[in-house]
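Engineer: My questions will all concern the structure given below.
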Amino acid sequence: NVHARSLMLGVTAVLLFIAISMTVAELVHKDMKSVALRVGRKQAFCRVLLPGLILRLVLLWIATVAGLLISEPITDGFNETSLIVPALLYGLLICVLSLVLAMLCSDSRVLYLLLFVVLIAAVVICPIYIDIAVISPVLEKLRNLIPVYWLWKIRLLF
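This is the structure:
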């Protein structure tokens, strides 16, 4: 079922995007800046930000893999377990993108707003609930710019 496959890809991509982006945004919030002022940026990154990020990402990826393993297989040759490696690569890509955005945004509120806009665009443009490209083929090309759609592209590599 094509709709069930799109829904599984979309839900996995959106949940990973939200969880990873919000984790990074939370870690670079004002508290991190105050720690960096006291102990230095390098020490704060290596001793506070990186271990916290790694721990949260490992727990998130364990939950993602467990969720994909216990979900029921969808018919027509698509199995959720085939999403495990693409989901891990997608999560790593989103983590790097979120860290770069966090470094560029001096205020975490701007980062939260940007993530909200990207999420709304993803729900509208990506084929999660409906395929908007059927209505407007121009929007199909815009999908490549939305991070949530990258899981569809990464899945095609495997």
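Number 1092 in my numbering belongs to position 18 of the sequence shown; there are no gaps in the numbering.
All C-beta atoms in this analysis are idealised placements derived from N, C-alpha and C, irrespective of residue type, glycine included.
Thinking C-beta only, is Ile1220 closer than 8 angstroms to Gly1084?
Structural biologist: Against a cut-off of 8 angstroms, the Cβ pair of Ile1220 and Gly1084 comes out as no contact.
Engineer: Around the Cβ of Ile1209, are there at least 16 other Cβ atoms within 10 angstroms (buried) or fewer (exposed)?
Structural biologist: Classification for Ile1209: exposed.
Engineer: Span of the alpha helix (DSSP H) holding Phe1190?
Structural biologist: Run containing Phe1190: 1182-1199, per the alpha helix (DSSP H) assignment.
Engineer: Tyr1223 and Cys1200: beta carbons closer than 8 angstroms?
Structural biologist: Yes, the Cβ-Cβ distance between Tyr1223 and Cys1200 is below 8 angstroms.
Engineer: Are Arg1130 and Thr1097 close, meaning C-beta to C-beta below 8 angstroms?
Structural biologist: Result yes, Cβ atoms of Arg1130 and Thr1097 sit closer than 8 angstroms.
Engineer: Could you check whether Phe1091 and Ile1168 sit closer than 8 angstroms to each other, using their CB atoms as the reference points?
Structural biologist: Yes.
Engineer: Specify the secondary structure class of Cys1179 as computed by DSSP and reduced to three states.
Structural biologist: Note: Cys1179 maps to coil in three-state DSSP.
Engineer: With a 10 Å radius around its C-beta and 16 neighbouring C-beta atoms as the bar for buried, classify Ile1094 as buried or exposed.
Structural biologist: So Ile1094 ends up on the buried side.
Engineer: When the Cα atoms are used, what is the spatial distance from Ile1204 to Val1198?
Structural biologist: Roughly 8 angstroms separates the two Cα atoms.
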